[in-house]
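Shown next, in structure tokens, is the structure this report addresses.
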Amino acid sequence: MKPLHPIAQTEMLIAIAIARLATEVFSIEQLLKLAGEAAQWAERFPSFDRRSPDEWAEIADLLANRASRLVPGAQCLQRALASRVWLARRGIDAQIVVGFRKRGTLEGHAWLELQLSGGPSTLFKGFEDGYRESFREAAA
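Below is the structure:
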């Protein structure tokens with residue numbers, strides 16, 4: 677993998693921090709709507725670094741996980757919100773999905789779904805983790 681420009685790393689860190697603050701203020705419905713609007717805005721300012729969608733998805737996963745360790749309280753929802761906008765700037769359409777599972781207690785999780793060269797893919801979700809989709813970001 678080519679070295680990643682520090683601006684891309686900083687961009688993800690700032691996006692995670694903004695998402696963390698936004699989750700304190702807005703409802704989940706408002707957050708999903710805002711993420712879609714922010715992604716549309718981000719598409720107008722494309723990244724000049726040209727990579728494949730598969731590469732960008734891998735990088736988004738890495739950077740979101742790395743950045744969320746630096747922002748107190750950042751978890752899956754913040755990673756999904758930030759990565760949705762970050763990927764849109766790179767020309768990759770993704771959709772935020774929220775689901776729940778019950779293992780003694782009810783647990784929630786958020787992840788991204790996107791289309792890559794090998795077909796449908798997810799970020800921030802394991803295939804056998806037991807979460808069932810409850811709702812998703814409305815299609816644009």
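In the numbering used here, the protein residues as written are 677 to 816. Built from N, CA and C at the ideal position, the CB exists for glycine as well.
Secondary-structure assignment with DSSP links T798 through a beta bridge to E789. By the neighbour-count criterion, in which 16 or more other beta carbons inside 10 Å mark a residue as buried, Q706 falls on the exposed side. Taking 8 Å as the cut-off, the Cβ atoms of G775 and S810 count as close. Within 10 angstroms of the beta-carbon of H681 lie fewer than 16 other beta-carbons, which makes it exposed.
Per DSSP, reduced to three states, the secondary structure at A684 is helical. In the DSSP assignment, E731 falls within the unbroken alpha helix (DSSP H) covering 729-746.
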